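> Each step along the sequence shown adds one to the number in my numbering, with nothing skipped, and position 147 is 150.
Beta carbons are placed, not taken as given, at the ideal position from N, Cα and C, and that holds for glycine.
Keep in mind it's a predicted model, so treat the numbers as computed, not measured.
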Amino acid sequence: MPSFLGSLRQFVLAPKLSAVTFAERGFPGAASPATERLEAIPQAVVCGFEWGIAARDLWELERRLELVEVEQRGFAYEGAAMAFTVRDAMAGGKGTRTRELLLGPGAPHLLLTYIGIGFAMARLPRPLWRTIMPDLTGSPYYPTMTWLAVDGYGFDLAYFHTRRYVDEQKVPAPYPWEGSPEYFPRAVDQGIGRALWFMNGAVPADVAAAVERFPQERHADLWSGVGLAATFAGGASAEGLAELRAASGEHWSQLGLGVVFAIKGREFAGHVPEHSALGCEVLAGLSVAEAVAIADRTEAEPAGPVAQSLPLYELWRNRIRAQLTENTESNSRKAS
């Protein structure tokens, strides 16, 4: 049972489940057949946040999170990471809850827990961001994948401040995340792209139209976010996914890049649901094993002498895209 202080924090900070529904937010995808399925994801995040904000200790939190069905469990851990990040910030940045969670039971859900830290960033003043990411030295993909926190920040901006960041397409001020302020808006756009998949109810034509309304120079990163969400969260049939792939056009490799990251995140957590495997096959033309192999092989490759000013995260993304393009060209030659 949570402490009195934990219950008070939960009452003050935890959003209502209805606050994340598409109808409540006024999203165009509220009437989509996939809405109920997609809404369950932010609702799982809210539940994880509630448990994390009120939990007496990590043991109690883990017991609750492990009761969540396996397909939704990572999203609950995402909410818990958000809660622990807020609690650590309230402790003057000296808290260790987030680090213990990410190195402990949250470790398999690394992709989503980083995103949860980004959700906390959206609710905390920027001066507190300096210590918001715990030292996870020795953890896989650290610090390369910490850019997913910025992705989470972008998702939150689009989901909860839609008029400003989607309708008006405002670009948030740069921040020197991992020493690369110039890359910050690009990582934000990857999160906005993920949000567009949800907000438009996984309807491919509507998602593509939403991307097209943004300036051309932002399309590539938006499409990578769409690919990640379409594969990780699901919501579309094989026919719909084929329509999405066609709509991505020249940005197909960005879409496929998001697919590969989604599959790697699912595989790392130990469960790849059927809709994720379907997304991998239709959107990227890969089996789950092939996508995981591309992620692992390109992550392990040295960056090389070019573009060293880019974050390691973006260099990895570039190598994945190059591999996807090479595979497509090779298959075309074989077919001819």
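Taking only the alpha-carbon atoms, compute the straight-line gap between methionine 93 and glycine 51 and give it to the nearest angstrom.
Position 90 of the sequence shown holds residue 93. Position 48 of the sequence shown holds residue 51. Those two C-alpha atoms are separated by around 18 Å.
> Can you tell me whether lysine 19 is buried or exposed? The criterion is at least 16 other CB atoms within 10 Å of its CB, across all chains shown.
Your numbering for residue 19 matches position 16 in the sequence shown. By the 10 Å Cβ count, lysine 19 comes out exposed.
> Does the region 262-271 come close enough to the region 292-304 that 3 or more CB-CB pairs lie under 8 Å?
As far as the Cβ criterion goes, the region 292-304 touches the region 262-271, which means the pair count is three or higher.
> Run the CB neighbour count on valine 48, radius 10 Å, all protein chains shown included, and call it buried at 16 or more, exposed below.
Walking along the sequence shown from the start, residue 48 turns up at place 45. That one is buried.
> Assuming valine 340 is part of the alpha helix (DSSP H), what are its boundary residues?
Absent from the structure is residue 340, since the part of the chain shown begins at 4 and ends at 339.
> Is glutamate 81 helix, strand or coil by DSSP?
Here the question's residue 81 lines up with position 78 in the sequence shown. Residue state, collapsed to three classes: helix.
> Assuming contact is defined by CB atoms lying nearer than 8 Å, are glycine 155 and glycine 107 in contact in what I supplied?
Along the sequence shown, read from residue 1 onward, the residue named residue 155 stands at position 152. Along the sequence shown, read from residue 1 onward, the residue named residue 107 stands at position 104. It is not a contact, given that the beta carbons lie outside the stated cut-off.
> Output needed for threonine 328: all residues of its chain with C-beta closer than 6 Å, excluding positions within five of it in sequence on either side, in chain order.
Your numbering for residue 328 matches position 325 in the sequence shown. Within the same chain, threonine 328 has close Cβ partners Ser256.
> Do methionine 148 and tyrosine 168 have their beta-carbon atoms positioned less than 8 Å apart in this structure?
Your numbering for residue 168 matches position 165 in the sequence shown. Your numbering for residue 148 matches position 145 in the sequence shown. Contact flag unset, no.
> Have a look at arginine 28 and alanine 152 and give me their C-alpha separation to the nearest angstrom.
The residue you call residue 28 lines up with position 25 of the sequence shown. The residue you call residue 152 lines up with position 149 of the sequence shown. Spanning the two alpha carbons is a distance of roughly 23 Å.
> Give the straight-line distance between the Cα atoms of alanine 58 and glutamate 242, rounded to the nearest whole angstrom.
Here the question's residue 58 lines up with position 55 in the sequence shown. Here the question's residue 242 lines up with position 239 in the sequence shown. Going by the C-alpha atoms only, they are around 43 Å apart.
> Roughly how many angstroms separate the alpha carbons of valine 71 and alanine 79, rounded to a whole number?
Taking the sequence shown and counting its residues from 1, the one referred to as residue 71 is at position 68. Taking the sequence shown and counting its residues from 1, the one referred to as residue 79 is at position 76. Spanning the two alpha carbons is a distance of roughly 8 Å.
> Whose CA, out of Glu103, Thr165, Asp170, lies closest to the CA of aspartate 138?
Stepping through the sequence shown from its first residue, residue 138 is reached at position 135. That would be Glu103, whose Cα lies nearest to the Cα of aspartate 138.
> Using a 10 Å radius around the Cβ and a threshold of 16 neighbouring Cβ atoms, would you call asparagine 334 buried or exposed?
For the purposes of this step, residue 334 is taken as the residue at position 331 of the sequence shown. The residue is exposed, with fewer than 16 neighbouring Cβ atoms inside 10 Å.
> Does the Cβ of proline 179 have 16 or more other Cβ atoms within 10 Å, making it buried, or fewer, making it exposed?
In the sequence shown, the residue the question calls residue 179 occupies position 176. Proline 179 is exposed by the Cβ-count criterion.
> Cβ of arginine 100 versus every heavy atom of the ligand ZN: is any distance shorter than 7 Å?
Annotation note on the ligand ZN: not contained in the displayed structure, which lists no ligands.
> Could you give the DSSP three-state label for threonine 328: helix, strand or coil?
The residue given as residue 328 occupies position 325 in the sequence shown. The answer is helix: DSSP assigns threonine 328 an H, G or I state.
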